[in-house]
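Report on the structure given below.
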Amino acid sequence: MNSATERTIPPATAGEREMLRGYLDFHRATLVLKTDGLSDEELRRCSTPPSTLSLLGLVRHMAEVERAWFRRVINEEDIPLVWSAEGDFQVAYDASTATREEAFAAWRTEVEHARRIEAAADSLDVTVHAARAGKEVSLRMVMLHLIHEYARHNGHADLLREAVDGTVGV
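The opening residue of the sequence shown carries number 46 in the working numbering; numbering runs sequentially from there.
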């Protein structure tokens, strides 16, 4: 896969916060790499029926995840989801009329907010009440959760990309 997208390998030795940042950014860049060079139509192509999962749907979903955990939970902002005022996370997966431009603009905006919120936090031990989860959560848990979420969905992106044009690896 030829790409202009840069992906920095996470550090092998570092403090906890730097390592979490490194792995989160690595997985963010991996998702972008999986979409490089594809048209909007190819990005909207669904996986095997009956699934409606697509690469563009994954990008939209990860914009929601970034927004929900960093802005709504950690920063306690009273804002709706990007694509659903009713709080329905499934709406983001419907990329049937979405474009790369709108999906990535939203995703980049949310990643920028997430980085700013994480950098401003005093420590990974910052905790807030996550109403949806019904418990206190730390910034550490949020960062680990996002790494997990990206890693899981990057596995989906591997299969989706291969089905579009046969490209494997990254």
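Backbone N, C-alpha and C define an ideal beta-carbon position, used for all residues, glycine too. For clarity, every value in this text was computed on a predicted model and none was experimentally measured.
V209 and L78: beta carbons closer than 9 Å?
Position 164 of the sequence shown holds residue 209. Position 33 of the sequence shown holds residue 78. Not in contact: V209 and L78 (Cβ atoms no closer than 9 Å).
Where does A57 fall in DSSP's three states?
Taking the sequence shown and counting its residues from 1, one reaches residue 57 at position 12. In the structure shown, the three-state DSSP call for A57 is coil.
For V173, list the residues DSSP reports as bridge partners.
The count along the sequence shown starts at 1 and reaches residue 173 at position 128. Paired residues: V182.
Give, in chain order, every unbroken run of the alpha helix (DSSP H) that is at least 4 residues long and sits entirely within the stretch 100-148.
100-111
Secondary structure at E63, three-state DSSP: helix, strand or coil?
Along the sequence shown, one-based indexing puts residue 63 at 18. Residue state, collapsed to three classes: helix.
Measuring straight from C-alpha to C-alpha, what distance separates L204 and H72?
By 1-based counting over the sequence shown, the position of residue 204 is 159. By 1-based counting over the sequence shown, the position of residue 72 is 27. Computed Cα separation, rounded: 16 Å.
Within this structure, are the beta carbons of L184 and D170 separated by less than 9 Å?
Along the sequence shown, one-based indexing puts residue 184 at 139. Along the sequence shown, one-based indexing puts residue 170 at 125. Yes. Within cutoff.
Check V156 in the structure and name its three-state DSSP category.
One-based indexing of the sequence shown puts residue 156 at position 111. Helix, per DSSP.
Please determine, among L101, P56, D81, R112, the residue with the shortest C-alpha to C-alpha distance to R161.
Mapped onto the sequence shown, residue 161 falls at position 116. The shortest Cα separation from R161 among L101, P56, D81, R112 belongs to R112.
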